[in-house]
Amino acid sequence: MTINTATSLSMEIEFPDEDIPYEEEILRNAYSVKHWLRYIDHKSRAPNNAVNIVYERALKELPGSYKIWYNYLRTRRKQVRGKCITDAMYEEVNNTFERALVFMHKMPRIWMDYGTFMTSQCKITRTRHVFDRALRALPVTQHHRIWPLYLKFVKRYDIPETGVRIFRRYLKLAPDDAEEYIEYLLSVNRLDDAAQQLASIVDNEHFASKHGKSSHQLWTELCELISKNPDKVHSLNVDAIIRGGLRRYTDQLGHLWNCLADYYVRSGLFDRARDIYEEAIQTVRTVRDFTQVFDEYAQFEELSLNKRMEIVANDPDATEEDDIDVELRLARFEHLMDRRLLLLNSVLLRQNPHNVHEWHKRVKLYEDKPHEIINTYTEAVQTVQPKLAVGKLHTLWVEFAKFYESNGQVDDARVVFERATEVEYVKVEDLASVWCEWAEMEIRQENFEEALKLMQKATVMPKRKVAYHDDTETVQMRLYKSLKVWSMYADLEESFGTFKTCKAVYDRIIDLKICTPQIIINYGLFLEEHNYFEEAFRAYEKGIALFKWPNVYDIWNAYLTKFLKRYGGSKLERARDLFEQCLENCPPEHAKYFYLLYAKLEEDHGLARHAMAVYDRATSAVKQEEMYDMYNIFVKKAAEIYGLPRTREIYEKAIECLPEENMRHMCVRFAEMETKLGEVDRARAIYAHCSQVCDPRITADFWQTWKEFEVRHGNEDTMREMLRIKRSVQATYNTQVNMMAAQFMTSGNTAADAAGSDAMRQLDARAKEVAAAANNQQANKPPAPTPTKPQNASNIMFVRGETQGGSAKDKVVNPDEIDIGDSEEEEDEEEDDDGNASETERNEAATRKDDNDLIMKKLRIEQKSIPAKVFGGLKTKANEDEEDD
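Heads up: the sequence shown begins at 0 in numbering that gives the first Met the number 0, then just goes up one per residue.
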């Protein structure tokens, strides 16, 4: 079917039958985008030319429709996909884009598609023009959609000059993307431009890296870039930049110094690099930075030496100058390695120039260089400030003076000491040490008079009264109270002075109240050596008046020992007064020694009763841990002086005062003593008294001792009484445990007991019923009803008297009465009466039975037949026993 229609092609077109409805709609609505798109969708599977004709007809009618243009351009790009870029169809698509941009020049999507399509065709100039036109046509607010494609196009092709210019234009719009520009410059080997751009962003304090890099990292990248490429970076002052970094980043000095030296090494300026290394190791302040720089410096010197040695070795025309050059490089390298410890010490001193210990180490490093040692000491004492010194400043002055002394320059050593005494130290002891060292030097030089004069000068009283601990005063003003100086002065007077001057020094020390117990003892010994015994005793008394316990212990010890050694018992009353004065405030930890010494005095020179009184006082004055030993001594002395019977009172007092553990031992000893005296009943009473604090589960030794005692000295009744007491004590301790358990059960049993959930109680009651029934059947008695016990009743059985028997003669019977023959029957009767004896009671009954058997075995008397001749015509005892049986 043929339809004549006016189209943009001005020709007759034949349409298939299925297109007729769409054509009719187009004729009715030629300006409807929806109808055109429906028609285009219908023709989507038609040949390319047919689809393109429909698009062209639609654009003829609607040239300003973005939707039709966008779909048309996308369809045309799909049609050329996979074809060679030299195909003519690419140019047709380009022309279509150009026609579209006549109407769509404000649409960024069209420009983006056009730029991407042109980039794929490798037409660099035309592509660049397209992007430039897009940037001119679009408003600046939409440029951010074009620039990524533009930069991608630049990076895709090797057009460094064009790329640099394009990036510079882009940075005017987005200066924060400078890092991307730097990466591009590095990729195209434009290192000088990259260094300039990196330097500019490093100088910009407001620059924020999009990659999260800090300004220090950017600075490090700049330093590495310019140091490793000295031949490509020309527009920057490398030295100034890196030194600026050294002032700015003081925590990374080692790395920056190495970068600067590496720059000169790569530039071929080796001497300049060596100067940089030397400057670095003389200025760094941390061990880490020093290690970094020194390792690089040593590696540089080693490589330089090895390279030069290889050149000289391979050069047949090498001259003597070349060998000298090699030797010079070798010496330089060895000198560097020898200086390592000294350079490291310099680093530590730069960290803290007031570190006294490091100054001493520096002196040791100059072991064979006297002039350097003197310079070091001089620099040290001038640098270190007393209030900031780490260590003891006076040791520098002392070692400085000793160095002069060791080299025979004693006058110079005196000058140093004199200067040292004028330094305002923090502590008085430091100044005192200087004076003492000065005096010792004079003693080594055998100038004893000079040493005494120095000590006299050091101890001169100031013109006004000064407190020793007043930090606002100088140490020179407070030196007169330094015990160290006075002790040195006293030693010198003892050695080289007179008796009067030495005594004056000691008295002065005591008057200033700076003495110690050792000073008092030394003073006493000094007086004794010169046979001034009473003076020595007065010195001890002065010390006793100055000090309190426990500091006065040594003085009292020396005083009493010396007094007793000299006078013995000749001045007994005076000695007693001294001991009483000593023991008046003596603490328990020191009392034992003095009491024993006092008692020894009374034993040797006094009265026995006085000695006993001293021992008696000592038992309560010493520490609790020493009371047992003290009582043992007391008992021993009492037995030696008055005999064993007199020790009973001591034992009784000891038993009352000592703790349980020691009391048990004392009771055993007391009982053994009574046994030796034949007082068996007294010994048994002591054992019975001690047994009340002896749990059989813990103190089995005590019960074994008592048992052995009863076997040797007792009988059946006493053995039974001992066993009864043992069971009673054991029950007492068990009662304490059972009461605690009962209280716990009473507080813990709640609704579960009421509901009958306690199965163990039910089983226990059932077992009691069975046992009661069995006992009743054996006794041919009707089974007694099982008495019911309260829910919370305890199983504790208390000893009580009860009325037994049904006859008129009822009497109170002691249930604990021991009867060998009827013990088992009584136990059965108790079970019959109670009916609810617990398993614990049955075990105790079995234990008592075993004890009875043991007693019988122990106490069984073996009977022997007596010859009939003894009785003559009388009836023998054996026959009488048989008749009785």
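No residue lacks a Cβ here, since even glycine has one placed at the ideal position from N, Cα and C. Predicted model, so just to flag it, every value in this text is computed and none were measured.
Inter-residue spacing [alpha-carbon to alpha-carbon] between residue i and residue j
| i | j | result |
| --- | --- | --- |
| residue 834 | residue 730 | Confidence at residue 834 is low in this model, with a pLDDT of 39, below 50, so the placement of that residue is unreliable and no value is reported for it. |
| residue 568 | residue 481 | 41 Å |
| residue 375 | residue 444 | 26 Å |
| residue 583 | residue 527 | 27 Å |
| residue 592 | residue 502 | 31 Å |
| residue 440 | residue 447 | 10 Å |
| residue 621 | residue 703 | 32 Å |
| residue 507 | residue 388 | 34 Å |
| residue 535 | residue 471 | 39 Å |
| residue 364 | residue 345 | 11 Å |
| residue 571 | residue 522 | 25 Å |
| residue 644 | residue 633 | 14 Å |
| residue 442 | residue 450 | 6 Å |
| residue 696 | residue 726 | 11 Å |
| residue 386 | residue 476 | 18 Å |
| residue 625 | residue 640 | 23 Å |
| residue 390 | residue 354 | 7 Å |
| residue 699 | residue 659 | 15 Å |
| residue 550 | residue 516 | 7 Å |
| residue 51 | residue 181 | 46 Å |
| residue 434 | residue 358 | 22 Å |
Nearest neighbour of residue i, chosen from the options [CA to CA]
| i | options | result |
| --- | --- | --- |
| residue 419 | 354, 445 and 384 | 384 |
| residue 410 | 699, 349, 437 and 629 | 437 |
| residue 44 | 542, 78, 62 and 23 | 78 |
| residue 74 | 48, 83 and 85 | 48 |
| residue 689 | 717, 715, 724 and 716 | 724 |
| residue 561 | 546, 544 and 537 | 537 |
| residue 301 | 321, 286 and 335 | 335 |
| residue 642 | 207, 260, 626 and 672 | 672 |
| residue 217 | 229, 107, 233 and 241 | 241 |
| residue 556 | 587, 631, 520 and 530 | 520 |
| residue 330 | 69, 544, 304 and 294 | 304 |
| residue 466 | 427, 318, 115 and 251 | 427 |
| residue 154 | 168, 179, 377 and 131 | 179 |
Nearest-angstrom Cβ-Cβ length linking residue i and residue j, presumed shorter than 8 Å
| i | j | result |
| --- | --- | --- |
| residue 485 | residue 513 | 7 Å |
| residue 66 | residue 53 | About 14 Å separates the two Cβ atoms, so there is no contact after all. |
| residue 654 | residue 666 | 6 Å |
| residue 190 | residue 224 | 7 Å |
| residue 342 | residue 275 | That belief does not hold up - the Cβ atoms of residue 342 and residue 275 are roughly 15 Å apart, past 8 Å. |
| residue 162 | residue 187 | 7 Å |
| residue 134 | residue 111 | Not confirmed; about 12 Å, so no contact. |
| residue 265 | residue 227 | 7 Å |
| residue 431 | residue 415 | Rounded, the Cβ-Cβ distance is 17 Å, inconsistent with contact. |
| residue 889 | residue 709 | An answer regarding residue 889 cannot be provided, because it is not within the stretch 0 to 884 covered by the chain. |
| residue 248 | residue 259 | Going by Cβ atoms, the distance from residue 248 to residue 259 rounds to 13 Å, so no, they are not a contact pair. |
| residue 209 | residue 175 | 6 Å |
| residue 200 | residue 177 | 5 Å |
Buried/exposed call for residue i, threshold 16 Cβ in 10 Å
| i | result |
| --- | --- |
| residue 623 | exposed |
| residue 30 | exposed |
| residue 812 | The predicted model places residue 812 with a pLDDT of 40, which falls under 50 and marks its position as unreliable, so this point remains unresolved. |
| residue 693 | buried |
| residue 298 | exposed |
| residue 395 | buried |
| residue 861 | Confidence at residue 861 is low in this model, with a pLDDT of 39, below 50, so its placement is unreliable and the value that follows should be read with caution. Label assigned to residue 861: exposed. |
| residue 350 | exposed |
| residue 887 | There is no way to answer for residue 887, as the model of the chain reaches only from 0 to 884. |
| residue 64 | buried |
| residue 816 | Below a pLDDT of 50, predicted positions are generally treated as unreliable, and residue 816, at 40, falls in that range; no measurement from the model is reported. |
| residue 564 | exposed |
| residue 237 | buried |
| residue 295 | buried |
| residue 211 | exposed |
query: Whole beta strand (DSSP E) runs in the segment 283–367 with 3 or more residues, listed along the chain?
result: As far as the segment 283–367 is concerned, it has no whole beta strand (DSSP E) run of at least 3 residues.
Complete alpha helix (DSSP H) runs within the segment 374–420 (minimum length 4 residues, chain order): Listed in chain order, they are 393–405 and 409–419.
query: Which ranges would you report for the alpha helix (DSSP H) in the segment 127–169 if only whole runs of at least 4 residues count?
result: Within the segment 127–169, the runs of alpha helix (DSSP H) that reach at least 4 residues and sit entirely inside it are, in chain order, 146–155.
- prompt: Fully enclosed by the segment 671–736, which alpha helix (DSSP H) runs are 4 residues long or longer?
  reply: 679–690 and 699–712
- request: Can you check the segment 519–585 for any alpha helix (DSSP H) of at least 4 residues that lies completely inside it and give the ranges in chain order?
  value: 532–545, 552–566 and 571–583
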